[in-house]
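Q: Numbers 1 to 304, taken from UniProt numbering, label the letters of the sequence shown in order.
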Amino acid sequence: MTTAQLDPVGSLDCLGEATPVAVRPDTRVRDHYRRKTAAIVDRYGPGPRVHYHLGLFDRPHPPSGATAERVRAGIVAAQERMLERVAEVCEASRFFAGDLLDVGCGLGGGAIYWAERHPVQVTALTNVPEHAGVVASFAAEAELAGRIRPLVADVRELPSSLRFDAAVATESLCHIPRAETFQRVGAALRPGGVFAVEDVFLADPAWREPFDEYWRTRIGTVTEYERAAGRAGLVMDRNVNVTAPTTEFWVQSMAWAQARLSERAVPAEEEQRLVRSIRGHLRFFLGWRDNAYHARILRFRKMG
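1. Is it buried or exposed, Glu213, if we count other Cβ atoms within 10 angstroms and call 16 or more buried?
2. Rounding to the nearest angstrom, what Cα-Cα distance links Tyr52 and His61 in this structure?
3. Comparing alpha-carbon positions, which option in Arg94, Arg72, Ser262, Leu274 lies nearest Ala196?
4. Pull up the distance between the alpha-carbon of Val77 and that of Val251, whole angstroms please.
5. Quick one: residues in its chain with C-beta nearer than 7 Å to the C-beta of Arg289, no 5 flanking neighbours on either side, listed in chain order?
6. Using 8 Å for Cβ pairs, my map puts Leu151 next to Ala167. What's the rounded Cβ distance?
7. Taking 6 Å as the limit between beta carbons, can you name the residues of its chain near Phe249, skipping five residues before and five after?
8. According to the neighbour-count rule (16 or more other Cβ atoms, all chains shown, within 10 Å of its Cβ), is Arg24 buried or exposed?
9. If Glu224 sits next to Arg178, beta carbons under 8 Å apart, how far is it from one beta carbon to the other, in whole angstroms?
10. Taking the alpha-carbon positions, what's the Leu12 to Ala259 distance?
11. Where Val86 and Gly47 are concerned, what is the direct C-alpha to C-alpha distance, given to the nearest angstrom?
12. What residue does the alpha helix (DSSP H) around Ala259 start on, and which one ends it?
13. Along the chain, where does the alpha helix (DSSP H) containing Ile75 start, and where does it finish?
14. Give the single residue among Asn291, Arg301, Glu263, Leu282 whose Cα lies nearest to the Cα of Ala68.
15. As a quick exercise: from Ala206, Val194, Ser161, Glu80, pick the residue whose alpha carbon is nearest that of Met303.
16. Note down, in chain order, each residue of its chain lying with its Cβ closer than 6 Å to the Cβ of Gly280, except the 5 sequence neighbours on either side.
17. With distance defined between alpha-carbon atoms, name the residue in Ala136, Leu100, Gly108 nearest to Pro119.
18. If you draw a straight line from the C-alpha of Asp42 to the C-alpha of Ala111, how long is it?
19. Looking only at its own chain, which residues have a Cβ that is under 6 Å from the Cβ of Asp199, when we skip the five neighbours before and after it?
20. Distance, Cα to Cα, Arg72 vs Ala66?
21. Can you have a look at Val128 and say buried or exposed, based on whether 16 or more other CB atoms are within 10 angstroms of its CB?
22. Taking the alpha helix (DSSP H) that Gly230 falls in, what are its first and last residues?
23. How far does the alpha helix (DSSP H) with Leu286 in it reach, from first residue to last?
24. Who are the near neighbours of Phe211 in its chain, counting only those whose CB is closer than 8 Å to its CB and skipping five residues on each side?
25. Would you identify the three-state DSSP class for Glu143, choosing helix, strand or coil?
26. Give me the residue from Leu261, Ala257, Val266 with the minimum Cα distance to Ser277.
27. Could you tell me the distance, in whole angstroms, from the CA atom of Arg231 to the CA atom of Asp237?
28. Quick check on Gln79: buried or exposed, where buried means 16 or more other Cβ atoms within 10 Å of its Cβ?
29. Near Gln121, what residues of its chain come up, given a Cβ to Cβ distance below 6 Å and the 5 sequence neighbours on each side ignored?
30. Only counting the same chain, and skipping five residues up and downstream in sequence, which positions put a Cβ closer than 7 Å to that of Ala228?
31. Any idea if Ala265 is buried or exposed, counting beta-carbon neighbours within 10 angstroms, 16 or more meaning buried?
32. Specify the secondary structure class of Ile148 as computed by DSSP and reduced to three states.
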């Protein structure tokens with residue numbers, strides 16, 4: 001997919017009349033990700049599986065001085081190892097079948113990943129209208145258009161008629177109110193269904209503000225998630241800490257930005273963005289190193 005294709009092209013026409021638009025979207029988060037679309041594809045593309053989340057660097061990674069393309073390939077491979085780990089922890093081979101809800105699907109990389117590996121029909125939920133066409137285009141490129149349905153909606157306004165056998169959220173719940181989200185997902189899950197969550201959690205309150213400001217998040221704690229899930233009838237039965245193998249993600253992200261700056265002349269606006277990225281990701285590397293943040297994979301089950 002080229003950058004030109006990232007502009008909305010008949011944006012929601014591909015979704016049909018059944019696609020609702022959020023009544024009360026979080027415009028701050030929505031607008032942030034709308035602006036970042038081309039940059040996400042540039043760093044983590046070219047597709048069709050484009051991910052925007054941490055990666056697991058539990059294998060050798062590109063050395064210092066590697067090209068931007070080599071670093072990018074290493075990051076993408078690490079992101080897919082994260083999804084492999086989510087699948088392992090949450091027993092996707094057992095529970096991911098039938099109807100799967102991807103909460104905060106980004107550009108659809110996870111939706112495509114799950115559809116390629118499991119017998120699921122994926123509803124790819126996004127609150128960024130422009131992303132619906134991107135997800136649909138990437139799904140078609142992966143020859144999965146018939147199994148991935150982009151849906152533009154705030155998760156809190158998910159139609160009450162929808163039901164799912166499983167749900168997954170990859171670093172998306174940190175952006176949205178957890179209590180309402182767990183209530184809605186819990187209501188949409190069929191009895192015995194699972195909600196697989198990979199997210200970043202706050203361990204040191206002093207580090208809340210820099211994370212929330214940079215990522216437009218509302219970072220929370222595992223305890224908060226567990227309590228919100230419990231009130232929604234979901235029981236947390238898996239909690240796996242993956243902080244250590246994700247620490248290298250920040251190093252490689254900085255390396256990619258530095259390589260991009262070194263390899264070619266970039267417009268002033270892009271240069272400023274890359275420099276801000278390097279500075280911000282250095283700060284998060286230190287937060288990971290000092291255990292101010294934890295990356296974890298949680299599994300919640302709807303009993304019955």
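The C-beta atom is built at its ideal place from N, Cα and C for all residues, glycine as well.
A: Looking at the coordinates:
1. Exposed.
2. Tyr52 and His61: Cα-Cα distance of roughly 18 Å.
3. Comparing Cα positions, the closest option is Arg94.
4. The identity of residue 77 in the sequence shown is Ala, whereas the question assumes Val. Note on geometry: alpha-carbon atoms of Ala77 and Val251 lie some 15 Å from one another.
5. If the five residues before and after Arg289 are omitted, its C-beta is found closer than 7 Å to the C-beta atoms of Thr247, all from its own chain and listed in chain order.
6. The pair is not a contact, with the Cβ atoms about 13 Å apart (cut-off 8 Å).
7. The residues are Leu54, Gly55.
8. Any reading at Arg24 is ruled out, since the residue's pLDDT is 44, under 50, leaving its predicted position unreliable.
9. With a contact defined as Cβ atoms closer than 8 Å, Glu224 and Arg178 qualify at about 6 Å.
10. With a pLDDT of 27 at Leu12, under the threshold of 50, the modelled position of that residue is not reliable, and the figure given next carries that caveat. Annotation: Leu12 to Ala259 spans about 37 Å, alpha carbon to alpha carbon.
11. C-alpha of Val86 to C-alpha of Gly47: approximately 21 Å in a straight line.
12. That run of the alpha helix (DSSP H) goes 243-263.
13. Unbroken alpha helix (DSSP H) run through Ile75: 68-89.
14. Taking only the C-alpha atoms, the option nearest Ala68 is Glu263.
15. Nearest to Met303 by alpha-carbon distance, out of Ala206, Val194, Ser161, Glu80, is Val194.
16. Within the same chain, Tyr214 come within 6 Å of Gly280 by CB-CB distance, once the 5 residues on both sides are set aside.
17. If you compare the alpha carbons of Ala136, Leu100, Gly108 with that of Pro119, the shortest gap goes to Leu100.
18. When the Cα atoms are used, Asp42 and Ala111 turn out to be separated by approximately 19 Å.
19. Hits under 6 Å: Glu171, Leu173, Cys174.
20. Taking the CA atoms as reference points, Arg72 sits about 10 Å from Ala66.
21. Around the Cβ of Val128, a 10 Å sphere holds 16 or more other Cβ atoms; the residue is buried.
22. Note, Gly230: alpha helix (DSSP H), 222-231.
23. Unbroken alpha helix (DSSP H) run through Leu286: 268-289.
24. The beta carbon of Phe211 lies closer than 8 Å to those of Val200, Leu202, Thr217, Ile219, Phe284, Gly287, Tyr293 in the same chain, with the five residues before and after it left out.
25. Residue state, collapsed to three classes: coil.
26. Nearest of Leu261, Ala257, Val266 to Ser277, Cα basis: Ala257.
27. Straight-line Cα distance between these residues: approximately 15 Å.
28. Around the C-beta of Gln79, 16 or more other C-beta atoms lie within 10 Å, and the residue is accordingly described as buried.
29. If you ignore the 5 residues before and after Gln121, its C-beta comes within less than 6 Å of the C-beta of Asp99, Arg147, all in its own chain and listed in chain order.
30. Non-local C-beta neighbours of Ala228 in its own chain, meaning closer than 7 Å and more than five positions away in sequence, comprise Arg178, Ala179, Phe182, ordered along the chain.
31. Exposed is the call here.
32. Judged by DSSP in its simplified three-state form, Ile148 adopts strand.
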